[in-house]
Amino acid sequence: MEQSLVIIKPSGVQRGLIGKIIDRFQQKGLIICGLKMMNLSEELLREHYAHLVEKPFFPTLLKSMMATPVVVICLKGVDAVAVVRGMVGTTNARNAAPGTIRGDYGMSSQENIVHASDSPENGVIETKRFFKPEEIFDYTPVCINFIYAPDELN
Ligand code: IDP
Ligand code: MG
Numbered sequence: 005m006e007q008s009l010v011i012i013k014p015s016g017v018q019r020g021l022i023g024k025i026i027d028r029f030q031q032k033g034l035i036i037c038g039l040k041m042m043n044l045s046e047e048l049l050r051e052h053y054a055h056l057v058e059k060p061f062f063p064t065l066l067k068s069m070m071a072t073p074v075v076v077i078c079l080k081g082v083d084a085v086a087v088v089r090g091m092v093g094t095t096n097a098r099n100a101a102p103g104t105i106r107g108d109y110g111m112s113s114q115e116n117i118v119h120a121s122d123s124p125e126n127g128v129i130e131t132k133r134f135f136k137p138e139e140i141f142d143y144t145p146v147c148i149n150f151i152y153a154p155d156e157l158n
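Numbered according to my numbering, the sequence shown spans residues 5 to 158.
This is how it looks when you write it as structure tokens:
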């Protein structure tokens, strides 16, 4: 199964959406294998957003991501990265489809409520970036055979 790293950003924390966002992923059938609140350092954000450090909006993005603690979540599932990205919606929340987290709760490109890994490789890298090994839990929900058919669970 794939891992996806989700961050409930300060925009989601301040807007009181932590519970609603976690609930959506649980209801979908994704398995929560890590969950905690933390403050993000500039050093960690420069690594996490390395592809954006030269962008003009990077200083305000940094400030925004450090405005309050965030909630980091590691989700597990078959094709979890694509499933979670689909549930999150496009970067600019104003254009995000209704039914997605950004589409339902956001009005901004920057203040877009959540982060989600963009590839299976980054799901693994980002989980290691935000969680210690002992903070990730490998367990199987008792209802696993009602989430997936046997042939979907390799
Ligand atoms: P993603 O979060 O949808 O994967 P990325 O391009 O990886 O989008 O950008 C990371 C984050 O940087 C976005 O979620 C958003 O908070 C911020 N960001 C991206 N593009 C812009 C922009 O044009 N203006 C302001 N903030 C942006
Ligand atoms: Mg991204």
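Heads up, the beta-carbon is just placed ideally off N, CA and C, and yes, glycines get one too.
- Residues E115, I117 of the same chain have their beta carbon placed closer than 6 Å to that of S15, with the five preceding and five following residues left out of the count.
- Straight across, the Cα-Cα distance linking T72 with E46 is about 13 Å.
- Judged by their CB atoms, G127 and Q7 are nearer to each other than the 7 Å cut-off.
- In the three-state DSSP reduction, T104 falls in the strand class (E or B).
- Counting along the chain, the unbroken beta strand (DSSP E) around H119 starts and ends at 118 to 120.
- Per DSSP, the unbroken alpha helix (DSSP H) holding M91 starts and ends at 84 to 92.
- The DSSP-derived three-state label of Q30 is helix.
- Between P63 and the set L49, L79, V74, the nearest pair of CA atoms involves L49.
- For S8, DSSP records a beta bridge to L79.
- Using a 10 angstroms sphere on the CB of T95, the tally of other CB atoms stays under 16, which defines it as exposed.
- Distances from the CB of D122 to the heavy atoms of the ligand MG include at least one below 6 Å.
- Contact between the region 86 to 105 and the region 20 to 29 is established, with three or more Cβ pairs separated by less than 8 Å.
- In the structure shown, K24 falls within a helical segment according to DSSP collapsed to helix, strand and coil.
- Taken atom to atom, the span from the alpha-carbon of V85 to that of M70 is near 25 Å.
- In the three-state DSSP reduction, L65 falls in the helix class (H, G or I).
- Taking all protein chains in view, the Cβ of L157 is surrounded by fewer than 16 other Cβ atoms within 10 Å, so the residue is classified as exposed.
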